[in-house]
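Participant:
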């Protein structure tokens, strides 16, 4: 699958612009891109999810990784998250540690 | 438009006869080779006979109003009265006791069971005694398989001793009354039946070493390391976002994690570093009771549907063991692929097969007859409900019945019914209807309990069998076969009786014995008439032969009921069942001749 995400770091904020899906097709590649930022003082990870319509367990694994392993308890923010994705985050039980914002 | 096929075609048989023969052969093939319900097979068969003009409308419907069908259905209500007032349970408790040796146990079990079976439904007795036998096996330090088969053989042999002991006897008595206008007494078959019973019990005790020693599937659930349990992570589980290793869910006491499935079933590698997510299904193999402790210690649940909060789970559930029936529609399927759990609000926890570990998630195991399943069910689940009982047989059937005045009343009703019918004061039909009404009137069982106790499927197949028997008689097949038997064995009545009995005995090993009885009644009747003898003794011998279904688990309901709980194999029934069948049939014929000297017409 063609890379459909973009990762940028500005100071202590890591931004991830997501495409239509975050699944087994692209989540391992995103994880690869995130690994170099481990223990690099990231305090906030912002996912731009306006186009995101499919989130699988592989994608959830990436989000949990950011929260648990990237640095010490960074803030996780989802921007423009749609209802279906909110439902998935609810089911897997990680909605409570995510902040939701509108652009 | 109705078809008429009177043209004589081949070997002196009309088109109607050949259609009937083809139908019978098809029925036997369908029953043997498929899992189609017997009642459906019978109803389709008589529908075929009707549309092809073999039977007219009146004949087609006659099975449903037959005395046999009504008596069998009404008798189930009488049995419900005895069961729900604790009469049967009281008898079990006080008659059985606790023997200290295996041989004594065999006798202490078979004698009272067979005596009770003369008056009580074979299936109901097998279910009720099953639990007692299980407890005995544990106390005698043996396996249930050493006791279950003798129990069901005793139940069946005892059932033959009276007209109401088994529906095949009722069929014969009813058809005899229709054919001759004469009635059979409740105890007409007692002497030959009792002789067969004695010979049968002596034989079983003598060859007790042939009884198979199979590992009890239920014991395996209690203490084995060979089973899998699937647990679910609720959305509010405190371990979410931890790795399996950090959460203490990878290495657990009493077992191992063998698979993890996330909410979307995406493949994931089983690793200690895998994150725990809400909706995860964790499949463990090991000691069930210890693994189930994870429910308490790690807030996991056993569930097939997603649970968002632990508050959704209450304590109104209990673990129940079930076995896959021989004709269950679940055979060859997975529980995950069926709607069983959703329809019955129950959840599959574990699967075992002859004590061997099944390396798969329980819900994905392709089921076989006799598989043992552990379910989490609501406490009030009616595991005897017909739709559930047709697929699964729950072993932990238990009823706490209060012994009280109604226990005496229901016993009295039953006793009066037996005396009145035995003394020919009232007909069997009148007696059973009166007893059933009395059971309801004195509240020995509720209307719902009465209705639930009637096996409508059995009644439908009984009605179908009777119509089929009528077609066999009407089309001249019975007469033709009777002639064929006579031409083979001569006109010696004992040989004729024995010949037909042996044929019925063979077929009853593979086909439901009620159907065999209905099919063989006209043949035996015609054979007796052709050699010039009163048919009654011949028909009594047929009762014994058609009931001698001991050689396969599919031959009779009681045989099927112990197949799973006993952990038996198909061949286990043959080892002891084949000689028992032959001995009982020959003894039956001999006993009938001794008890009822043959009388010329």
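Protein chains in written order, with the working numbering: chain S, 778 to 880; chain H, 379 to 979.
We treat Cβ as the ideally placed atom computed from N, Cα and C, and that holds for glycine.
Predicted model only: the values in this text are computed from it and were never measured.
Residue 614/H versus chain S: which residues are under 7 Å apart at the beta carbon?
Facilitator: Result: 870.
Participant: Judging by CA-CA distance, which residue of 829/H, 941/H, 906/H and 882/H is the nearest neighbour of residue 923/H?
Facilitator: It is 882/H whose Cα lies nearest to the Cα of residue 923/H.
Participant: Starting from residue 573/H and walking both ways along the alpha helix (DSSP H), at which residues does that stretch end?
Facilitator: Residues 568-584.
Participant: Suppose the cutoff is 6 Å on Cβ atoms and the five residues either side in sequence are ignored; what does the same chain contact list for residue 692/H look like?
Facilitator: No answer about residue 692/H holds up, because its pLDDT of 44 lies below 50 and its placement is not dependable.
Participant: Does the pairing of the segment 489-499 of chain H with the segment 514-524 of chain H give three or more beta-carbon distances under 8 Å?
Facilitator: The segment 489-499 of chain H, when compared against the segment 514-524 of chain H, does not touch it at the 8 Å Cβ threshold.
Participant: Closest Cβ-Cβ distance between residue 817/S and chain H: below 9 Å?
Facilitator: No, residue 817/S does not count as interfacial toward chain H.
Participant: Out of curiosity, what's the CA-to-CA distance linking residue 611/H and residue 750/H?
Facilitator: If I take the Cα positions, the gap works out to 25 Å.
Participant: Of all the options 788/S, 790/S, 803/S and 791/S, which has the alpha carbon lying nearest to the alpha carbon of residue 782/S?
Facilitator: Measuring from the Cα of residue 782/S, the nearest candidate turns out to be 803/S.
Participant: Taking 9 Å as the threshold (C-beta atoms), are residue 797/H and residue 822/H in contact?
Facilitator: Not a contact, by the Cβ cut-off of 9 Å.
Participant: Where in the segment 466-542 of chain H do unbroken runs of the alpha helix (DSSP H), each at least 4 residues long, occur, reported from the N-terminal end onward?
Facilitator: Segments of the alpha helix (DSSP H) lying fully in the segment 466-542 of chain H: 480-495, 500-517 and 523-537.
Participant: Relative to the alpha-carbon of residue 813/H, which residue among 449/H, 676/H and 549/H has its alpha-carbon at the smallest distance?
Facilitator: Cα-wise, what sits closest to residue 813/H is 449/H.
Participant: What does DSSP give as the partner residues of residue 839/H in its beta bridges?
Facilitator: Partner(s): none; residue 839/H has no beta bridge.
Participant: Classify residue 547/H as helix, strand or coil using the three-state DSSP reduction.
Facilitator: DSSP places residue 547/H in helix when its eight states are reduced to three.
Participant: Going by Cα to Cα distance, which pick from 627/H, 564/H, 896/H and 465/H is closest to residue 784/H?
Facilitator: Ranking the options by Cα distance to residue 784/H, first place goes to 465/H.
Participant: Could you check how far apart the C-beta atoms of residue 876/H and residue 967/H are, in whole angstroms? I think they sit under 8 Å.
Facilitator: Contact flag correct, Cβ pair sits at about 5 Å.
Participant: Report the neighbours of residue 849/S on chain H: residues whose CB is nearer than 8 Å to its CB, in chain order.
Facilitator: Within 8 Å Cβ-Cβ: nothing; residue 849/S doesn't reach chain H, min ~14 Å.
Participant: Out of 862/S, 785/S, 784/S and 810/S, which one is the CA nearest neighbour of residue 837/S?
Facilitator: Per the Cα distances, 862/S.
Participant: DSSP beta-bridge partners for residue 854/S?
Facilitator: According to DSSP, residue 854/S bridges with 823/S and 876/S.
Participant: Which residues, taken in chain order from the segment 653-682 of chain H, show a beta carbon closer than 8 Å to some beta carbon of chain S?
Facilitator: Listed by position along the chain: 653, 655, 656 and 657.
Participant: What's the C-alpha gap between residue 483/H and residue 477/H?
Facilitator: About 5 Å.
Participant: Only counting the same chain, and skipping five residues up and downstream in sequence, which positions put a Cβ closer than 8 Å to that of residue 961/H?
Facilitator: Closer than 8 Å at Cβ, skipping near neighbours: 577, 578 and 581.
Participant: For residue 841/S, go through chain H and note every residue whose CB falls closer than 7 Å to its CB, in chain order.
Facilitator: 619 and 653, listed in chain order.
Participant: Taking 6 Å as the limit between beta carbons, can you name the residues of its chain near residue 713/H, skipping five residues before and five after?
Facilitator: Correct list, in chain order: 726 and 741.
Participant: Roughly how many whole angstroms lie between the Cα atoms of residue 505/H and residue 706/H?
Facilitator: Taking the straight line joining both Cα atoms gives about 18 Å.
Participant: Per DSSP, what kind of secondary structure is residue 911/H in: helix, strand or coil?
Facilitator: Strand at residue 911/H.
Participant: How would you call residue 765/H, buried or exposed, if buried means at least 16 neighbouring beta carbons within 10 angstroms?
Facilitator: With fewer than 16 other Cβ atoms within 10 Å, it is exposed.
Participant: Report the rounded CA-to-CA distance for residue 810/S versus residue 784/S, giving the unit in angstroms.
Facilitator: Going from the Cα of residue 810/S to the Cα of residue 784/S covers about 7 Å.
Participant: Do you know how far the Cα of residue 892/H is from the Cα of residue 445/H?
Facilitator: In a straight line, the C-alpha of residue 445/H is about 14 Å away from that of residue 892/H.
Participant: Among 622/H, 609/H, 708/H and 701/H, whose alpha-carbon lies nearest the alpha-carbon of residue 668/H?
Facilitator: When only C-alpha atoms are compared, the closest one is 609/H.
Participant: Since I believe residue 563/H is in contact with residue 802/H (beta carbons under 8 Å), could you give me their beta-carbon distance rounded to a whole number of angstroms?
Facilitator: Yes, residue 802/H and residue 563/H are in contact; Cβ-Cβ is about 7 Å, under 8 Å.
Participant: Between the beta-carbon of residue 591/H and the beta-carbon of residue 511/H, is there less than 9 Å?
Facilitator: No; because the gap between Cβ atoms is not below 9 Å, this pair is not in contact.
Participant: Within its chain, find whatever has a CB closer than 6 Å to the CB of residue 561/H; leave out the 5 residues flanking it on each side and keep chain order.
Facilitator: Once the five neighbours on either side are set aside, the close Cβ partners of residue 561/H are 555.
Participant: Looking at the structure shown, is residue 765/H part of a helix, part of a strand, or coil, going by DSSP?
Facilitator: Looking at residue 765/H - three-state DSSP - the assignment turns out to be helix.
Participant: Does the segment 943-952 of chain H come within contact of the segment 545-552 of chain H, defined as at least 3 CB pairs closer than 8 Å?
Facilitator: Counting Cβ pairs under 8 Å, fewer than three are found: no touch.
Participant: Pairing CB atoms from the segment 786-802 of chain S with CB atoms from the segment 811-829 of chain S, are three or more of them under 8 Å?
Facilitator: Yes, the segment 786-802 of chain S is in contact with the segment 811-829 of chain S.
Participant: For residue 461/H, which three-state DSSP category applies?
Facilitator: Here residue 461/H sits in helix by DSSP.
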